[in-house]
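Take a look at the structure set out below.
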Amino acid sequence: MEPEELHLELPGGKLAALAWGPPDGQPVLALHGWLDNAHSFLPLAGHLSGLRVVALDLPGHGLSEHRPPGAAYHFVDWVVDAVGAADALGWERFALLGHSMGAGVASLVAGTVPARVSHLALIEGLGPLSVPPEEAPARLAQSIVRSRRRSRRPARLHPDREAAAERLRAASPGLAEEAARLLVERGTKEVAGGVLWRADPRLRALSPMRMTEEHVHAFLRAVRCPTLLLRAREGYAFDQKLLLGRLECLRAPEVHELSGGHHVHMEDPAAVAALLVPFFARESDPGADAEGPLGSPAVTLDDLTALAEVRGVILDVDGVLTTGLLPWSAEGNDRLTFDVRDGLGIKLLQRAGISVALLSGRAPEAVRHRAAALGIRHLRLGDSNKIPHFESLLAEMGLEARQVAYMGDDLPDLPVLRAAGYAAAPADARPEVRAAARFVAGAPGGRGAVRELAEHLLKGQGRWHQLLTGF
-6 MEPEELHLEL
4 PGGKLAALAW
14 GPPDGQPVLA
24 LHGWLDNAHS
34 FLPLAGHLSG
44 LRVVALDLPG
54 HGLSEHRPPG
64 AAYHFVDWVV
74 DAVGAADALG
84 WERFALLGHS
94 MGAGVASLVA
104 GTVPARVSHL
114 ALIEGLGPLS
124 VPPEEAPARL
134 AQSIVRSRRR
144 SRRPARLHPD
154 REAAAERLRA
164 ASPGLAEEAA
174 RLLVERGTKE
184 VAGGVLWRAD
194 PRLRALSPMR
204 MTEEHVHAFL
214 RAVRCPTLLL
224 RAREGYAFDQ
234 KLLLGRLECL
244 RAPEVHELSG
254 GHHVHMEDPA
264 AVAALLVPFF
274 ARESDPGADA
284 EGPLGSPAVT
294 LDDLTALAEV
304 RGVILDVDGV
314 LTTGLLPWSA
324 EGNDRLTFDV
334 RDGLGIKLLQ
344 RAGISVALLS
354 GRAPEAVRHR
364 AAALGIRHLR
374 LGDSNKIPHF
384 ESLLAEMGLE
394 ARQVAYMGDD
404 LPDLPVLRAA
414 GYAAAPADAR
424 PEVRAAARFV
434 AGAPGGRGAV
444 RELAEHLLKG
454 QGRWHQLLTG
464 F
């Protein structure tokens, strides 16, 4: 199968890519390893029927442009490049296939734009390399020194591509001869006297800054799609404790071990494809993906845009501020239990200048007392027809619907959830309500769901750490 050569225009420069499969096939964005190129996926091409695979040359690699003079190759910038490539291809939702460094990039992409990624397939890598925070200053200093030394080194000239392939195999033990030739074919250029590597020499510099393991875990916890990890028995060694810690951040990841080396997808493409094809065929429900593991809701780019508009929060009461259980006695049913964490969450919103209101179909006195204790002045209680009261609250608060987040848990809340700028639900809300919500808390109603919404909102607006200084 002959691949199609693509050239994608991105704000940061032109990216080269190879494409296989029918244009209307399931879109898969493939990301290669460090100092490799799009030819890394060439052996797989004939085995991935029905898929539209686009393999990038990441900036500085293969036929893609290098970063401008004076710029560095920061790992997170490749995440921006990958998302930009998907935009340039017109892909709103797509699968990811990454090898080694590309697997690290793909992991971050899936956590950065989780609503857009349908499947995450990783070969010999899960997330980027990390360092403890205390090592960061020394690492940055070493990077500066080494970059100065490397800038004075002349480029290494090889007499021909065969010699370059031999050099590559010596540097990558276990790399098959044919695989080395494929990488060299796209990764070198002919000059007077021989061939030079196309890869930007700056790629070999020591990374000036790496993420901490806590950063990596945060991105992995934000992944919402099915994840497949393929490891090679003779591949690179992984810290088993670190790997298990990362796997625990994902939703039921699938892990397989194959015979072969680090470039197992080039050495035994049929075995790798036998796992990839059924994995990509697996149904991925965007609604289910939005929920994720308990306590780790996704923050998408669309979320951040919507969250930036929020100036008010309106809350249902039964099933949101309370558990929804109504204790009955001879004296009535006005005894309700509230979570102190929700109360602090409401106070934090108010400190940030965000108005809070209550909208409920019931009107027990306990709710009025709780509202007064929390300084909530905007109340609409006692009518299950919520839309008119929602509109009345907006007028009273001086806000538009797009400026309000609403949390509800049951069917009467659906009209308001659809009208509000940012819809939210507790973990135990009705399935129809969770499907309509942008944010689904990890906690059930009356057990901290409102607190989670408050933190999600304040973090999304960049106000969280400033509020913490008060403690």
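Going by our numbering, the sequence shown opens with residue -6, and the numbers climb by one from there. Just so you know, even glycine gets a beta-carbon here, dropped at the ideal spot from N, CA and C. Note that the structure is predicted; figures quoted are calculated from it, not measured.
Does residue i come out as helix, strand or coil in the three-state DSSP assignment?
i, result
"residue 110", "strand"
"residue 136", "helix"
"residue 374", "strand"
"residue 437", "coil"
"residue 238", "helix"
"residue 277", "coil"
"residue 259", "helix"
"residue 333", "helix"
"residue 19", "strand"
"residue 37", "helix"
"residue 360", "helix"
"residue 283", "Here residue 283 scores only 41 on pLDDT, less than 50, and its place in the model is too uncertain to base an answer on."
"residue 169", "coil"
"residue 338", "helix"
"residue 217", "coil"
"residue 29", "coil"
"residue 176", "helix"
"residue 232", "coil"
"residue 130", "helix"
"residue 4", "coil"
"residue 194", "helix"
Start and end of the beta strand (DSSP E) containing residue i?
i, result
"residue 184", "181 to 184"
"residue 224", "220 to 225"
"residue 250", "247 to 251"
"residue 306", "305 to 308"
"residue 459", "It is not in any beta strand (DSSP E) - residue 459 instead sits in the alpha helix (DSSP H) that spans 457 to 461."
"residue 45", "44 to 49"
Let me know if residue i comes out buried or exposed under the rule of 16 or more other beta-carbons within 10 Å of its beta-carbon.
i, result
"residue 424", "exposed"
"residue 229", "exposed"
"residue 249", "exposed"
"residue 280", "Caution is warranted here: a pLDDT of 43 is assigned to residue 280, below 50, making its placement in the model unreliable, and no coordinate value can be reported."
"residue 448", "buried"
"residue 234", "exposed"
"residue 380", "exposed"
"residue 126", "exposed"
"residue 184", "exposed"
"residue 122", "exposed"
"residue 378", "exposed"
"residue 147", "exposed"
"residue 131", "exposed"
"residue 315", "buried"
"residue -2", "exposed"
"residue 100", "buried"
"residue 429", "buried"
State the start and end residues of the unbroken alpha helix (DSSP H) segment that holds residue i.
i, result
"residue 94", "94 to 105"
"residue 411", "407 to 412"
"residue 368", "Note, residue 368: premise wrong, no alpha helix (DSSP H); not H, not E."
"residue 71", "68 to 82"
"residue 424", "424 to 429"
"residue 164", "154 to 164"
"residue 448", "442 to 453"
"residue -5", "No alpha helix (DSSP H) holds residue -5; DSSP gives it neither H nor E."
"residue 385", "379 to 390"
"residue 214", "206 to 214"
Among all the DSSP beta bridges, which residues are the ones paired with residue i?
i, result
"residue 400", "308 and 417"
"residue 187", "184"
"residue 10", "-1 and 49"
"residue 270", "Paired residue(s): none; residue 270 is not in a bridge."
"residue 87", "110"
"residue 116", "92 and 223"
"residue 350", "307 and 371"
"residue 24", "91"
"residue 151", "188"
"residue 123", "204"
"residue 432", "417"
May I ask you to check if the CB of residue i is nearer than 7 Å to at least one heavy atom of the ligand MG?
i, result
"residue 160", "The ligand MG is not part of this structure, which contains no ligands at all."
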